[in-house]
Structure formats: C-alpha cells, structure tokens
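These notes are about the structure you will find just below.
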Amino acid sequence: MKPMKSLDDVNSIHINQDRKIHSATHEEILKGATTDIYFLRTLDILKEMDLDSTTVTAEIFPRKHGVFAGIEEVKNILKNKDIEMWTLDEGEEFSPKDTVIRIKGPYKEFGAYETVILGALASACGWATAAREIKEACGEKSFLCFGARHVHPSVAPVMERAAVIGGANGASCILAAKLLDIQPSGTLPHAAMLIAGDTKKIAEVYDEVMPEDHKRIVLVDTFKDEVEESLRIAKALGKNLYGIRVDTPSERGGVTPNLIKELRYKLDMAGYNYVKIFVSGGLTPDRIKKLSEVGADSFGVGSYISAASPIDMTMDIKEVEGKPVAKRGRLPGLVDNPKLKYVQL
1 MKPMKSLDDV NSIHINQDRK IHSATHEEIL KGATTDIYFL RTLDILKEMD LDSTTVTAEI
61 FPRKHGVFAG IEEVKNILKN KDIEMWTLDE GEEFSPKDTV IRIKGPYKEF GAYETVILGA
121 LASACGWATA AREIKEACGE KSFLCFGARH VHPSVAPVME RAAVIGGANG ASCILAAKLL
181 DIQPSGTLPH AAMLIAGDTK KIAEVYDEVM PEDHKRIVLV DTFKDEVEES LRIAKALGKN
241 LYGIRVDTPS ERGGVTPNLI KELRYKLDMA GYNYVKIFVS GGLTPDRIKK LSEVGADSFG
301 VGSYISAASP IDMTMDIKEV EGKPVAKRGR LPGLVDNPKL KYVQL
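For the sequence shown, my numbering begins at 1 and goes up steadily by one.
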C-alpha cells in the first residue's frame, strides 16, 4: 500500500460497508490514513512551491517526565524512508522538553506521519510511566498488568507491552506477551468458581490438569470469607498451592491492609507460610505500599496503568537546510541530549 502524499490520495479511501472493527489496520496506519489532513495539504502546497524535498531536522520532546516507549512502532512506520534518526532506548526515563527523537531528511519523507508518530509515543509513554510508578511502589515485589479489559482491544497489546517496558513482570493479554516473547500470565477468574459452584472443587481440578511447573494461584473471595477459603484451599492442595489471590470487590470494602494482615497471620499459624498472597482490584501505588507492608507478595494492576493519561509529545522543525529555525516561543537549533542514539532503519 503506497503512502499518502497528497489530498488526492484521500479520495482513494473507501470504507467497506461490512467493515467489522472501527480501529485502523496496520496498512491504513502505514499508509498515513490516520494522520491529520493538514499535513497532506501542506505537502501539496510545498510541492507546488518545489519545496517538498527540503531537508529539515525535526525533534520530538515531551511535556512532562516519563518513561520512553513506542519507538519500535515508530521505527517501523519510518522504515525505508530516506531519513536519519536518533532516539532514546525504550525504558529510558526522560524529563520535560528533553529531545527523545531527532529526524533528518526531506520533509516529504516523514512530514505526513507526524500525527501517527506522536500518537504512538504519547500513549505508550503514558502507560509505561504508570507502570514504572507501580514498580517503584512494589519495590522488590512483582506485579502483572491486567489492563486489557479497560481499553479497546486493538490497543490492548500496545498498552500491556508498554507496561512491561515500564516495569511490569508480565502481561495477561496473550498478544502482548507474544510480542514480548514471554508467556502470558494469569490465574483464574470468578467465572470459573461461579460455574463450578465451589472454589475447592475447581481448585482441585485446576491442580490436577495444570502442568507440574505451573504456579497454582487460586482466587478465594467468591463464596466465603477470604481467610476461611484460603485455609480450606491450602489444606486441599498442600504444597502444590503456590498462592491465593484476593480480589474483594469495592461493594465489600475492597482488599484492606487489615484483611491481608489477618490472612498472612493465619496462613502462617496453620503452617502455610509458603503460600503467597496475590492482590488485585483497583490498586494504586499508595495502596500497594500499604498492602505490601502487611504481607502481600505480588499484585495485579489494571486500571491505574490503562487509564494513564498520554504524555503530550511535540514535533518541532529545528533546522531547514542546516539553518536553525523555530516558531516564536521556542529556541531555534538542535537541543542536544547525550542519551540519543543513531538508529539504522
């Protein structure tokens, strides 16, 4: 599919009436169909002035502190273009106004992709930054990203991949995990217990059918008191039980520090000190710190990551044919960042 380079190309886009999903396809993104229309208008005007091949250097900078993610998609968007590019590595932290990407080449080679590039970076960096905040709250303890259900399925893998870049120890979204070349992580949902009618019954079958190396973690808040159910499951599965998951709903007050403290104490008192406590449900960095202090071992985090605000990114042309330029309010010329590395596209 050829990239869009003119307003005339917009007329070639026809929406199939039986289109099932509203999100853009890979081909549409790479073609430039999700860009803002004024970039194609600009290319038409510059071409009329014989200026569309003008060599420019553009820099991208963020509006606030964060963690860099999304560059692999940007590389693929600009692959085979006649440009040079320098970027930060994924996972690097940046400060407001740091140059995170520098692109040099004929404007017509990349100008129409400004919207696409900035959008890919803004979302991924926002999610990665939220995951880094969770990681800092967890300290040495682990957490998984459970956020796929909170976003459109077309971007769920992007979000959970960014969360792992930011510090998550795993992702529940299958495609996100596969993109990272790791195994998807997760336990069992309440649906399993509700259909089976008894947590112990399904826990025993779960133990029986899972591979030996699988870490068996059982959800314990479906039918009974969480402490009572945990002791019941621990007795039934013995050493095969790796951990229990507590996901008490907000209608019952959620997972509280007092609940985790009691649960840890009574598991230890009954000889089940090897059983880990995994907590999920509306977790924030502050809640994680408090739950960790009283015995929680690991966490599942969804909405705090998935609902993170995108980090605004701006692309400015800083040189035209090697001469420093800038719009009013910005400083002309390149803004150095020693973390930038040259990328071979």
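We put the beta carbon where it would ideally sit given N, CA and C, even for glycine.
Values in this document were obtained by computation on a predicted structure and should not be read as measured data.
For the options N337, G302, V343, the alpha carbon positioned closest to that of A130 is the one of G302. In this structure, G170 keeps its C-beta atom at 7 Å or more from the C-beta atom of L121. Inter-segment contact for the segment 36–46 and the segment 109–123 is present: three or more beta-carbon pairs are separated by less than 8 Å. Comparing C-alpha distances from T199 to each of D225, L340, V275, I60 shows the shortest one belongs to D225. Burial state of R252 is exposed, judged by a 10 Å Cβ sphere holding fewer than 16 other Cβ atoms.
Relative to L51, the option among E321, I260, K104, A326 whose CA is nearest is E321. The three-state secondary structure of E109, taken from DSSP, is helix. Using a Cβ distance threshold of 7 Å, P332 and A137 do not count as a contacting pair.
In this structure, the beta-carbon distance from I277 to D247 does not fall below 7 Å.
A distance below 7 Å separates the beta carbons of V218 and I233.
Cβ atoms of K135 and G105 stay farther apart than 8 Å, at about 36 Å. For the segment 54–134, the full-length alpha helix (DSSP H) segments reaching 4 residues or more read 71–77, 107–110 along the chain. The criterion of a C-beta distance shorter than 7 Å is not satisfied by V294 and P338.
Counting only residues of its own chain and dropping the five nearest sequence neighbours on each side, D36 has a CB closer than 6 Å to the CB of T115.
For R245, the enclosing beta strand (DSSP E) has its first and last residue at 241–246. Per DSSP, the unbroken alpha helix (DSSP H) holding R232 starts and ends at 226–237.
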